[in-house]
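Protein chains in written order, with the numbering used here: chain A, 1 to 681; chain B, 682 to 1362.
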């Protein structure tokens, strides 16, 4: 790489994506997927082959809305209710109210509407379902159980919220196959769903042909009042309206009760009108408790609206069926108690043992296993046909659905990706959560998103879910220190690096130059179950002697050393833009005859994974003369400089002035490093 | 205190405020102000005294909308534009576009509408102004300059964005008297304004009498497209509509340009309709560039609507007057350049030197100094009269406006505060920023707000502004660890304690019991320029021998020790719920004859402030056998345990199971502490 490749490279990726302003955000769509790294060449040939035979199979399966005998439907709905009641009761912990109220829409979705294969939860073209109101997860577990998913057997329901179970307290994609994303923190799920629907729309536009609609699924989501109040939901839903996501169908569980009591106390806005203002189609189902046909009709209407997402407001009774607790906050987040469980059994005419699924209900749902297999087989056949006609597109799509990196992808690290950006406006939290949805849609999607580093504060909730749910989103965060200068302390990160170093399962990179930026991207792209944060400078940086892509993979490594026998007089450590300062200080000290080692600590998490032997080779225990420099909080640096070392950093807020002036006033200088080093001699 | 006073005490404060659910939030209003600590006794006597004489003075001042000669108005507006242009040009950094577009509304607000005293920016009953689009701060600096505020003289304008100036790159209340809150991170300002307006409404309801409207000001705010996109703005504006804040008037600078270019690319929702859905009155000023009378009429209409906040959408041209850059993103965030400055001078007919204020403009604005003094004098006279009639209320109000804590307030630490809660629903980010507004409205307001600790991720942007802008908000954060149990890893904080320890100017408390909780509250209440986070457990905790309010004030202190000569065999350190584990391990080790010291590290920031001598008395350098335990990331603990010590904590995500089970599986046990300690013997 050339001398200024760092900024050139990072800016070649970023210059389009990151305008010079604090609060604008961009994200690369899927294309910052594998295919951004591969050379895509798309063929537009058309085929006249008929697909009618497929359509027949589909109709026989679950595409059309089936109307089953109402009595059996009610029995199924009550089964869902009691599975939730019983599991919460056994755990003596959980939220029975939502499952009891949303059982009807849940039944219709999983039994009549959605296309999925319970024996392969990862079948690519499945409809996606997200329970944004994640506390009501027993609804989803009951549905997965009835539908025949292996992850949620009766024993799993009995282990609800227990150590090591596949039925944790909120839905977690990494624990329970069949759960698409991780929800619970309110508002995340609806934003994830926007990402999932966007991913479908993007892939459909890229790969569908007039004779082969190979990508074709809906995204369904249930959200409650809590989700509706969260700002992230408004951000994401504004974008969904803007993007015209016609295959996103959201059910708003309008039960008028939140944890505090009636929603009147804090939530009196007109939600319908707000969603219309956001560009959504809005339908109101007034009787969500027993109005099965109303719910079915609403879904049909929603599907007919192709150019807008739809919000179906379903008015329900929280805890429906509980004679003394329904429609009150007491049923929201606590077990009913044995007395009220019994009263509810009486009220709904439910004579069965806990966790019992009546035979006719079981039999009814059992068809989803063969039908799901048929749906997948049908799609596989269609894909085989597609592969013959469109081999390049098929290979691309396959790499996206499997997540295999194309061979030789590293060589693309210096190229400019294709222009496939999404513009999020000023909606960081929505952006992060939408990227999670994209990442979790298909293993081959590698979304990256970008904003100023300081505004990770606005999307930290979503970033934590990336880390927890193993969504390998790449966060390219610029303007990473006081080096941004005049915009001042509101825009200058101080504690942010430390805050991500403390977060589990996320790589916090602070590359010093072009080599290290490329090295960080390499790890970030390869790490599909660990998100990465790349903190990049605003200021231009030179290429430093000694940095390397290979070094970055170790997290910390020696970039220069004139000592012998692993016994330098002093070790100078730095990251990012301050590694240059450490290197210059090293040069000066060497002129005075000192043996100086300079170490880059670009990613502490990667360094922590190295062997003790390697660590001893970088920071020998016998060398306690150590100085670190980083334009950020010194919090945590004692780990490297040790009891006797000195950490140079910033433990107060920044200031508004030209960058060079702030560096000088804050003591982040070559002279300061030299002075600290000399204190050891 | 009794044995279980900790949880009892903290829960007496919290049980009402914090329902047992992840995502519901409450905040104590002002009353968790001084008066929550004082015994309030309000008199409702009425007076028949007339206030007509005051009304005359007021009319003579600036209450009514004055219509000045249009030519002079335009000259004043162009003065504002060129002060912004010239300052940005000189700094070669900044955002000229907004000031050029918003100068007309800015002029009308500061010259014709707002009531303030430029020589006393802290006069209590002033109208508040918030520039939510903080990047356009030169608009506000120009207005403060013209209005006669001492903080912004010509020299200050020339020092825009320079080291040590009072005109930093974004508005900062702690730098520039006349600036109410700190803005720049988009969306914060509008939420602050909701807090300011709410504070006014609350005080008016509490202290106004039929014969004495002693609290009576408006809150004005200018926000742009960026603010509108942020979720925090929707959260706060939904609450403003819910609360019916009739004296909140927001100007939406509708210029169709954001940093990326036309807002069409990412922001196509119907903002007017959304605000109507949120319960706001909406007015559209179609010509914000020269429609002075339209703007004036809109303000009059807004004032006439008493039961709803008003959004005045003002369509403007960004960079108005610049012949080649107006209405484009290029004028948003960069200096015009000398050539375009010259072209703009030509275009607007502006023959003056940079930074020049024409004499007639200067003369026109000069009246605000005497008029402002008259307004304050009038109010002071009114308050004197009020004090005679309503001495108790007057004393209370005075304590709120001055911020003096009533004597003996500490004795109230065990009492239950009066019921004066605000319910924020599920809107953390809005809640934090609204609390900032309340805190910065009057020095005596001490808002506290509460949610689950993990959801600080949702409001971190606002919490950072609390710290930066010296707003002493108290964040009472519960469910502070894996100890919350079944709700699982989405709800279990791991890295949060470390993330706040790394943040400047915020106290991160993790109290272990009732004594420490009281001690933390004491510091938090006293610290009016530093916000506090109190991380409290969900689980019940016993009162521990040796803890104390006085100990908390030192941040770290010895709670028990059986050593002599400051030479324990081992030091065990802990915080919060794990201090009990450390104490029990200490008891066991002492039974085996060891000399053990147990240290509480309840607030690292306070400990850092202690003398080296004190620190040596707690952690003698000679004792390197040290073990820490905290149910959180170990990041940063090496500072206390040193190179040879051991930190027990959690460096991965949590799990869904009963709390005790998780503690055991994660190795947070008495046995683990004993084993670690024994490794030193």
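Note that CB positions come from ideal geometry on N, CA and C, so glycine has one too.
The beta strand (DSSP E) enclosing residue i, as first and last residue numbers
i	result
residue 1281 of chain B	1277 to 1281
residue 1086 of chain B	That residue, residue 1086 of chain B, is in no beta strand (DSSP E); it is neither H nor E in DSSP.
residue 311 of chain A	310 to 315
residue 508 of chain A	507 to 509
residue 1328 of chain B	1327 to 1329
Distance between residue j and residue i (C-alpha atoms, nearest Å)
i	j	result
residue 651 of chain A	residue 1185 of chain B	6 Å
residue 398 of chain A	residue 946 of chain B	31 Å
residue 684 of chain B	residue 1095 of chain B	Its pLDDT being 29, under 50, residue 684 of chain B is placed unreliably by the model, and nothing is read from it.
residue 355 of chain A	residue 383 of chain A	40 Å
residue 215 of chain A	residue 506 of chain A	31 Å
residue 880 of chain B	residue 543 of chain A	53 Å
residue 181 of chain A	residue 124 of chain A	15 Å
residue 401 of chain A	residue 517 of chain A	28 Å
residue 1175 of chain B	residue 74 of chain A	43 Å
residue 682 of chain A	residue 285 of chain A	Because chain A in this structure spans residues 1 to 681, residue 682 of chain A falls outside the shown range and cannot be described.
residue 1296 of chain B	residue 1233 of chain B	14 Å
residue 448 of chain A	residue 555 of chain A	21 Å
residue 21 of chain A	residue 455 of chain A	The predicted position of residue 21 of chain A is uncertain, since its pLDDT is 36 and thus under 50; no value can be drawn from it.
Per-residue DSSP class, three states only, for residue i
i	result
residue 567 of chain A	coil
residue 128 of chain A	strand
residue 666 of chain A	coil
residue 424 of chain A	strand
residue 942 of chain B	strand
residue 1239 of chain B	strand
residue 1175 of chain B	coil
residue 893 of chain B	strand
residue 1358 of chain B	helix
residue 544 of chain A	coil
residue 728 of chain B	Here the model assigns residue 728 of chain B a pLDDT of 34, short of 50, so the residue's position is not dependable, and the following value carries that caveat. Note: residue 728 of chain B maps to coil in three-state DSSP.
residue 1289 of chain B	helix
residue 379 of chain A	helix
residue 1112 of chain B	helix
residue 1337 of chain B	coil
Per DSSP, cross-strand counterpart(s) of residue i
i	result
residue 293 of chain A	Paired residue(s): none; residue 293 of chain A is not in a bridge.
residue 474 of chain A	A:448 and A:532
residue 252 of chain A	A:223 and A:313
residue 243 of chain A	Residue 243 of chain A is not bridged to any residue.
residue 281 of chain A	A:310
residue 1164 of chain B	Residue 1164 of chain B is not bridged to any residue.
residue 574 of chain A	A:600 and A:629
Boundaries (first-last residue) of the alpha helix (DSSP H) holding residue i
i	result
residue 1322 of chain B	1319 to 1322
residue 874 of chain B	869 to 888
residue 85 of chain A	70 to 91
residue 1146 of chain B	1137 to 1149
residue 911 of chain B	Element bounds for residue 911 of chain B: n/a, residue is neither H nor E.
residue 1295 of chain B	1293 to 1299
residue 623 of chain A	Taken as a continuous stretch (DSSP letters only), residue 623 of chain A belongs to no alpha helix (DSSP H), as it is neither H nor E.
residue 782 of chain B	778 to 788
residue 968 of chain B	Unbroken run through residue 968 of chain B: none, as it is neither H nor E.
_Whole runs of the beta strand (DSSP E) within the region 112 to 161 of chain A, excluding any shorter than 3 residues_ = Restricted to the region 112 to 161 of chain A, the beta strand (DSSP E) segments that are unbroken, complete and at least 3 residues in length are 128 to 131, listed in chain order.
*Counting only runs that start and end within the region 982 to 1058 of chain B, where is the alpha helix (DSSP H) found for 4 or more residues in a row?*
The region 982 to 1058 of chain B contains, as complete alpha helix (DSSP H) runs of 4+ residues, the segments 1019 to 1029 and 1040 to 1047 (chain order).
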